[in-house]
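Here the structure comes first, spelled out in structure tokens, and everything after it is commentary.
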Amino acid sequence: ALVMAHDYQQALPYINRSLEEDTLNYKESLLLAARAYDQLSLPEQAILSIQEFLKPNKDMPLTSLKELTARSLLLKNFAKVKWDITQSEEKRTIQKLVNDKNYSKNSVVESLSWSLDFNCDQYCVDEILYFQEIQTMLLYIVEQDEESSATTARLIKNRYAFFHRQLQSDLFNHQYKKQIASKLYDCLQKLKTLDLVYTQRNKTYPSKVLIASLYGLEKDLESWHYK
């Protein structure tokens, strides 16, 4: 409950105690610890917890959704420690899990949600790089899955808005804000150039509606090139 309340600093001692005691909740505690480390900007510890969580255990097999939660958090923290995640095996595995037809796309998006809970601190640019890779998978869900299309579109839009708001933060100097703006602009350009197929001239495509809604944000990001 403490982790769900985002009180990660307070929750971590309880989680670690559970890990030390090797309880029946050991696996779950590893994943909770990874999330806490991620939110506390401790990527190396997050990576170690997730790698331990992903070790095969015949007594406690992983569901695809749990694996997706873990691997997406892992990819995010790989980005934070400056690994090239664009062509990584981890990313390909996540794509396969996202495409798993045994689960609803709402469940898939929910499983990705921990990794999309961003801080925008000293790792802000790395978080944007991670989001850039995941947004492509999300945009296909927006276009192809009617049930979860609107929810997923809002998620993408809200993540852009979150990063955009950081440009008004007093915590960052001007140069770092320019880096954030530049990476977020690149991220949006990648979203716009995805190779989706639009075959019907008069049809309203959800992905096009989403991208059009980000036009104002794009123009503001462009202006940061000259600030």
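In the working numbering, the protein residues as written are 1195 to 1421.
A virtual CB, placed ideally from N, CA and C, is assigned to each residue, including glycine.
Got a sec, what are the start and stop residues for the alpha helix (DSSP H) residue i sits in?
{"i": "Thr1257", "result": "Note, Thr1257: premise wrong, no alpha helix (DSSP H); not H, not E."}
{"i": "His1419", "result": "No alpha helix (DSSP H) holds His1419; DSSP gives it neither H nor E."}
{"i": "Asp1339", "result": "From DSSP, Asp1339 is part of no alpha helix (DSSP H); its letter is neither H nor E."}
{"i": "Thr1287", "result": "Glu1283 to Val1292"}
{"i": "Leu1371", "result": "Sequence check: residue 1371 is Lys here, not Leu. Taken as a continuous stretch (DSSP letters only), the alpha helix (DSSP H) holding Lys1371 covers His1368 to Lys1386."}
{"i": "Asn1300", "result": "Lys1299 to Leu1306"}
If you drop the 5 nearest sequence neighbours on each side, which residues of the same chain put their C-beta closer than 8 Å to that of residue i?
{"i": "Leu1248", "result": "Leu1256, Glu1261, Ala1264, Arg1265 and Leu1268"}
{"i": "Lys1285", "result": "Leu1269, Ile1279 and Glu1327"}
{"i": "Leu1404", "result": "Leu1333, Val1336, Ala1347, Ile1350 and Lys1351"}
{"i": "Trp1418", "result": "Leu1361, Lys1371, Lys1372, Ala1375, Ser1376 and Tyr1379"}
Regarding residue i and the ligand SAH, is the C-beta to nearest heavy atom distance less than 7 Å?
{"i": "Phe1366", "result": "The model on display carries no ligand, and the ligand SAH is accordingly not part of it."}
Skipping 5 residues on each side, what residues in its chain have a beta carbon closer than 7 Å to that of residue i?
{"i": "Ser1301", "result": "Leu1259"}
{"i": "Ala1195", "result": "Its pLDDT being 41, under 50, Ala1195 is placed unreliably in this model, and the value from its coordinates should be taken loosely. Closer than 7 Å at Cβ, skipping near neighbours: no residue."}
{"i": "Tyr1297", "result": "Ser1258 and Leu1259"}
{"i": "Ala1199", "result": "Low confidence applies to Ala1199: its pLDDT is 44, below 50, so where it sits in the model is not reliable enough to give any reading."}
{"i": "Ala1240", "result": "Ala1228, Tyr1231, Asp1232, Leu1267 and Asn1271"}
Do you know whose CA, among the options, lies nearest residue i's CA?
{"i": "Leu1310", "options": "Gln1281, Trp1418, Phe1357 and Asp1253", "result": "Phe1357"}
{"i": "Lys1270", "options": "Leu1206, Asp1253, Met1254 and Tyr1317", "result": "Tyr1317"}
{"i": "Asp1201", "options": "Ala1227, Asp1339 and Arg1211", "result": "Ala1227"}
{"i": "Lys1221", "options": "Val1336, Ile1244 and Ser1342", "result": "Ile1244"}
{"i": "Gln1233", "options": "Gln1281, Glu1304, Asn1313 and Gln1289", "result": "Asn1313"}
{"i": "Tyr1370", "options": "Ala1344, Ala1240 and Asp1315", "result": "Asp1315"}
{"i": "Lys1413", "options": "Glu1246, Ala1375 and Leu1385", "result": "Ala1375"}
{"i": "Leu1242", "options": "Thr1345, Leu1224, Leu1291 and Ser1417", "result": "Leu1224"}
{"i": "Gln1385", "options": "Arg1353, Asp1253 and Thr1330", "result": "One point to set straight first is that residue 1385 is Leu, not Gln, in the sequence displayed. Residue Thr1330 is the option with its Cα nearest to Leu1385."}
Spatial neighbours of residue i within its chain, please: CB distance less than 6 Å, with the 5 preceding and 5 following residues excluded, ordered by chain position.
{"i": "Phe1272", "result": "Ile1279"}
{"i": "Lys1275", "result": "Per the sequence shown, the amino acid found at residue 1275 is Val instead of Lys. So the qualifying residues of the chain are Pro1237."}
{"i": "Lys1299", "result": "Ile1335, Asp1339 and Ser1342"}
{"i": "Lys1377", "result": "Val1319 and Ile1322"}
{"i": "Ala1406", "result": "none"}
{"i": "Ser1305", "result": "Leu1259, Leu1262 and Thr1263"}
Under 8 Å between C-beta atoms, does residue i make it to chain B?
{"i": "Ile1288", "result": "Included in the structure is just one protein chain, with no chain B present."}
Review point. Counting pairs of Cβ atoms below 8 Å between the region 1368-1383 and the region 1309-1326, do you hit three or more?
Key: yes
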